[in-house]
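S.K.: Keeping their order, the protein sequence lines are chains A and B. Going by this note's numbering, the first residue of the first sequence is number 1, and it counts up by one from there. Going by this note's numbering, the first residue of the second sequence is number 1001, and it counts up by one from there.
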Amino acid sequence: MIMRLAISFVSAALVLAALAAQPAIAADTPNPVADAKAFQKFFTNKFPQLKPEDFANGPYSMNEDLHRQWEEKEQFPPYEFALETGKQMFATPFKNGKTYGDCFPNQGIGIRQDYPYFDEREGKVITLELALNRCREANGELPFSYVKDEMASLTAYMAFTSRGKPFDIKIPDDPRALEAYQKGKEYFYTRRGQLNFSCATCHVQEPGERIRAEILAPALGILNAMPIYRSEWSGMGTISRRFTTCNSQIRGVPLSPQDEEYRDLEYYLSYVSNGLPISGPGARP
Amino acid sequence: MTSTIRVRATSNGDITEVQALVQHPMDSGFVKDAKGEIIPPHFIQQLTFEYDGKAVFVADWGAAVSKDPYVKFSFKGAKKGDDLKIGWVDNKGATDTTTAKIQ
């Protein structure tokens, strides 16, 4: 009896000592820098044969056959028409004489890697798609649909001019920015829909595996290739389209494009891919 | 209006390899739009590649070919710098043609 008491006392003391040794930061305080490092390490450990920039090419880096098909396809990429349309739209002035370029730093060329960013004045995440529609509205034009066609052409052109530039998402010293990041992270790991899938279920746990006939892309670098021409869609789709269709595919109810939660998700997902090059526009099966 | 046809023709001595991408909706006539109304059939019926006045590749297409179709083939007897003429006709009578230099 005494012996047992002594043992439990010792183990209690050990637990206390372990608790005291914990660092001062509580486990639930968001730490984006550590998150991004751990996130990237997870993928590089899982796929040790890949170079970091390979992740921006999604499923093509996971399967040899697919890679060969893709190399051939890239000689004559299916997003070429959208790219050309986007370039023309970008150069064509609005009715008031201004252009898209006037709404963006560096006339909108080579800036894809800086989006989404946290606007401290408004206290929210601004994505490239949102910024484009705001630019239209500020110049007296009607906004475009967020999911495809014109919007995808514009983002295709903007991504193309930024190819090779590493994602450079910043989290300013503002508790609201950290909150948006944390909300995006929570969205990413929360299960939903009838199939009870989270984003991570497919894109963290199973990249490189098949879901029916498709090969799943890794979450790391998944936004670097956006917008994409999907053969399944017979057309271009934006990040908004990818998020909403993902939600439908897991038999959930998608949010409206550019909903706050989607923008926070894009913020989180882009941040953890910091350092990986923009490869968009992309083509996916 | 820019051309609906993109072509790349490269010669490696004897054989000329041709790749082409055509922008076209290729509606089959079996699909409904968001309002539940049938989208009328609208597809390319014939695609022709001509070299030196002779057809080197003719495709008779129908509703089963997918949107923005892609074609790849090769033929013998052409030289670098020669012209390759490409044209299509769809079921509504619309056409487009373009000429590419063999590289």
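Beta carbons are placed, not taken as given, at the ideal position from N, Cα and C, and that holds for glycine. Predicted, not measured: the structure shown is a model, and the values here were computed from it.
#1: Using a Cβ cut-off of 7 angstroms, which residues of the region 1002 to 1036 of chain B contact any Cβ in chain A, in chain order?
#2: Is Glu71/A close to chain B, meaning its C-beta is less than 8 angstroms from at least one C-beta of that chain?
#3: Around the Cβ of Glu120/A, are there at least 16 other Cβ atoms within 10 angstroms (buried) or fewer (exposed)?
#4: Under 8 angstroms, Cβ to Cβ, is there at least one residue of chain A near Lys1101/B?
#5: If you run the structure through DSSP and keep just helix, strand and coil, what is Ile239/A?
#6: What's the C-alpha gap between Arg1006/B and Arg241/A?
#7: Give the single residue among Thr1010/B, Gly1087/B, Thr1004/B and Asp1096/B whose Cα lies nearest to the Cα of Gly1053/B.
#8: Evaluate the contact criterion for the region 148 to 158 of chain A versus the region 220 to 232 of chain A: three or more CB pairs, one atom per stretch, below 8 angstroms.
#9: Go to Tyr100/A, then tell me how far its alpha helix (DSSP H) extends in each direction, as first and last residue.
#10: Rounded to whole angstroms, what's the CA-CA distance from Pro285/A to Ile222/A? Just pull it up for me.
#11: Assuming Tyr146/A contacts Asp264/A (C-beta within less than 8 angstroms), just tell me the rounded distance between them.
#12: Excluding five sequence neighbours on each side, which residues of the same chain lie with their C-beta closer than 6 angstroms to the C-beta of Thr99/A?
#13: According to DSSP, is His1173/B part of a helix, a strand, or is it coil?
#14: Out of His1024/B, Asp1083/B and Gly1093/B, point me to the one whose CA is closest to Ile1102/B's CA.
#15: Residue range of the alpha helix (DSSP H) that Val33/A falls in?
#16: Spell out whether any CB of chain B is found under 8 angstroms from the CB atom of Glu84/A.
M.R.: On the basis of the data shown:
#1: Cβ contacts with chain A come from Thr1002, Arg1006, Arg1008, Gln1019, Leu1021 and Gln1023.
#2: Here residue 71/A is taken as the residue at index 71 of the first sequence, counted from 1. Against chain B, the CB of Glu71/A has no partner CB under 8 angstroms away; the residue lies outside that interface.
#3: The residue you call residue 120/A lines up with position 120 of the first sequence. Exposure of Glu120/A is indicated by the presence of fewer than 16 other C-beta atoms within 10 angstroms of its C-beta.
#4: The residue you call residue 1101/B lines up with position 101 of the second sequence. Any Cβ of chain A closer than 8 angstroms to the Cβ of Lys1101/B would place that residue at the interface, and such an atom is absent.
#5: As a position in the first sequence, residue 239/A is number 239, starting the count at 1. Helix.
#6: For the purposes of this step, residue 1006/B is taken as the residue at position 6 of the second sequence. For the purposes of this step, residue 241/A is taken as the residue at position 241 of the first sequence. Rounded to whole angstroms, Arg1006/B to Arg241/A spans 27 angstroms at the Cα level.
#7: Locating residue 1053/B in the second sequence gives position 53, where the first residue counts as 1. When each option's Cα is compared against that of Gly1053/B, the closest is Gly1087/B.
#8: Contact check between the region 148 to 158 of chain A and the region 220 to 232 of chain A: three or more CB pairs, one atom from each, fall below 8 angstroms, which counts as touching.
#9: Residue 100/A sits at position 100 when you count from the first residue of the first sequence. Segment: none, Tyr100/A is in no alpha helix (DSSP H) and carries neither H nor E.
#10: Taking the first sequence and counting its residues from 1, the one referred to as residue 285/A is at position 285. Taking the first sequence and counting its residues from 1, the one referred to as residue 222/A is at position 222. One alpha carbon belongs to Pro285/A, the other to Ile222/A, and they sit about 14 angstroms apart.
#11: Against the first sequence, residue 146/A aligns to sequence position 146. Against the first sequence, residue 264/A aligns to sequence position 264. The C-beta separation of Tyr146/A from Asp264/A comes to about 16 angstroms, leaving the pair out of contact by the 8 angstroms criterion.
#12: Position 99 of the first sequence, counted from the first residue, corresponds to residue 99/A. Within the same chain, Thr99/A has close Cβ partners Pro93.
#13: Residue numbering for chain B in the displayed model covers 1001 to 1103; residue 1173/B lies beyond these limits and cannot be assessed.
#14: Counting from 1 along the second sequence, the entry for residue 1102/B is found at position 102. For the residues His1024/B, Asp1083/B and Gly1093/B, the minimum Cα distance to Ile1102/B belongs to Asp1083/B.
#15: Here residue 33/A refers to the residue found at position 33 of the first sequence. Counting along the chain, the unbroken alpha helix (DSSP H) around Val33/A starts and ends at Pro32 to Lys46.
#16: Here residue 84/A refers to the residue found at position 84 of the first sequence. Chain B, which has a Cβ nearer than 8 angstroms to the Cβ of Glu84/A, makes this yes.
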